[in-house]
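Student:
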Amino acid sequence: MSTEFVSAGSLGEALDWLASLGSDAAVLAGGTDLMLQLRRDEQRAGTLLHIERLRELGEVRRSDALAIGALVTHRKLARAPELRPCHGAICAAAALVGGWQTQNVGTVGGNLCNASPAADLVPPLLVHGARVGLESRARGRRELALAEFLLDRRRTRREPDELLTEVLLEPVAPRTADTFMKVGRRSAMEVAIASLALRLTLAPDDATITAVRVATGAVGPVACRAVATEALLTGARLGDAIARAAAAQLSQEIRPIDDARGSASYRRAVIGRVLVQALDDCAARIRARRQRGHGDDR
Ligand SMILES: Cc1cc2nc3c(=O)[nH]c(=O)nc-3n(C[C@H](O)[C@H](O)[C@H](O)COP(=O)(O)OP(=O)(O)OC[C@H]3O[C@@H](n4cnc5c(N)ncnc54)[C@H](O)[C@@H]3O)c2cc1C
């Protein structure tokens with residue numbers, strides 16, 4: 048079967064193409080996932096709809112909420128000044144996606160729509176309460192929580208005529224820090240064996256956890272929040288005992304498999320240690336900010 052190629056010059060044109068082609072079209076952003084999948088026959092498409100020229104989707108914007116356009120590349124995300132103060136875990140994850148070649152062309156929208164269990168951007172976006180904006184010619188715009196959008200490995204709630212246009216972030220409370228940690232055989236150029244994002248908010252005593260979000264990647268069919276671990280930590284005073292208990296809980300809560308990158312038992316063992324490290328890292332940064340006299344702010 049031959050594949051047609053069309054390149055949209057505007058969002059309206061892209062939506063028109065999707066309305067007429069439906070599931071016969073595959074959206075082509077940076078192509079770092081899609082081109083490999085086509086070559087391996089893991090995906091089929093009568094038409095490749097190229098969207099990289101849609102400049103309006105290539106920016107990080109601050110309006111009511113902080114919005115990341117679907118075509119923002121990992122390289123741009125890693126350096127985005129709008130995100131660095133309060134959403135550093137997202138920048139850190141983007142900086143760890145593959146090597147610089149992949150970061151220069153791979154996009155946020157592609158990372159989410161590809162729905163890999165190991166997609167690096169998903170855990171930090173989940174802890175920041177991300178919502179995705181989807182547009183179609185027939186039904187206009189809708190928004191979904193990222194957690195609802197991702198159904199399973201390589202499955203999302205995107206309809207064939209929809210384009211993911213942006214990712215919206217929640218504001219961040221004072222005395223909050225976030226972090227992203229990735230376990231791989233090398234620190235970069237490597238798909239995660241396990242990954243974890245944490246967003247931690249401490250009370251003014253610098254010890255009581257007032258809010259916490261934990262999300263994991265590559266340790267289940269889909270990256271997701273660890274709600275039982277979050278419940279255990281919320282309201283607790285930080286310390287070795289609670290960190291150990293949370294690590295044990297998280298090791299039980301994940302659903303890892305054995306694969307070429309690592310065994311399920313290794314993933315269970317390592318994820319708890321990563322959580323302990325992430326709690327230490329976030330708490331140390333919240334305390335350091337207070338000591339530097341930054342008070343409440345980040
Ligand atoms: C060498 C290499 C290393 C990699 N390392 C990592 C890594 O460490 N971590 C990681 O997370 N990923 C990694 N990846 C995977 C990939 O680079 C990322 O997932 C990237 O973000 C995909 O973005 P893209 O723009 O290239 O997507 P594409 O390949 O263009 O698209 C991916 C999928 O999303 C769909 N799509 C894209 N954009 C939209 C949109 N706006 N609306 C609707 N559907 C859309 C496409 O139709 C396709 O199904 C790696 C890939 C390579 C080749």
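Just so you know, the sequence shown maps onto residues 48 to 345 in the working numbering.
Glycine included, every Cβ here is placed at the ideal spot set by N, Cα and C.
(1) DSSP three-state label for Thr149, please.
(2) Taking 7 angstroms as the cut-off, is the CB of Ile137 close to at least one heavy atom of ligand 1?
(3) Report the rounded CA-to-CA distance for Gly286 versus Leu173, giving the unit in angstroms.
(4) Is Thr276 helix, strand or coil when you go by DSSP?
(5) Compute the beta-carbon to beta-carbon distance between Val311 and Gln296, rounded to the nearest angstrom, for a pair I have assumed lies under 8 angstroms.
(6) Express the C-alpha separation of Val238 and Arg86 in angstroms, rounding to a whole number.
(7) What are the uninterrupted segments assigned as beta strand (DSSP E) that are 3 or more residues long and contained completely in the region 200-224, given in chain order?
(8) Within the chosen definition, does the region 155-166 reach the region 181-191 through at least 3 CB pairs nearer than 8 angstroms?
(9) Using only the heavy atoms of ligand 1, determine whether one of them is closer than 7 angstroms to the beta carbon of Leu279.
(10) Going by CA-CA distance only, name the one from Ala192, Ile98, Pro132 that's closest to Gly180.
(11) Taking 7 angstroms as the cut-off, is the C-beta of Ile98 nearer than that to any heavy atom in ligand 1?
(12) Would the C-beta of Thr50 count as close to ligand 1, meaning under 7 angstroms from any of its heavy atoms?
Tutor: Quick answer:
(1) For Thr149, the secondary structure class from DSSP, reduced to helix, strand or coil, is helix.
(2) For Ile137, the shortest C-beta to heavy atom distance toward ligand 1 is 7 angstroms or greater.
(3) 25 angstroms
(4) helix
(5) The sequence given here has Ala at residue 311, not Val. Not quite, the Cβ-Cβ distance comes to about 17 angstroms (not below 8 angstroms), so this is no contact.
(6) Whole-angstrom Cα-Cα distance: 19 angstroms.
(7) 210-216
(8) no
(9) no
(10) Ala192
(11) For ligand 1, at least one heavy atom lies less than 7 angstroms from the Cβ of Ile98.
(12) no
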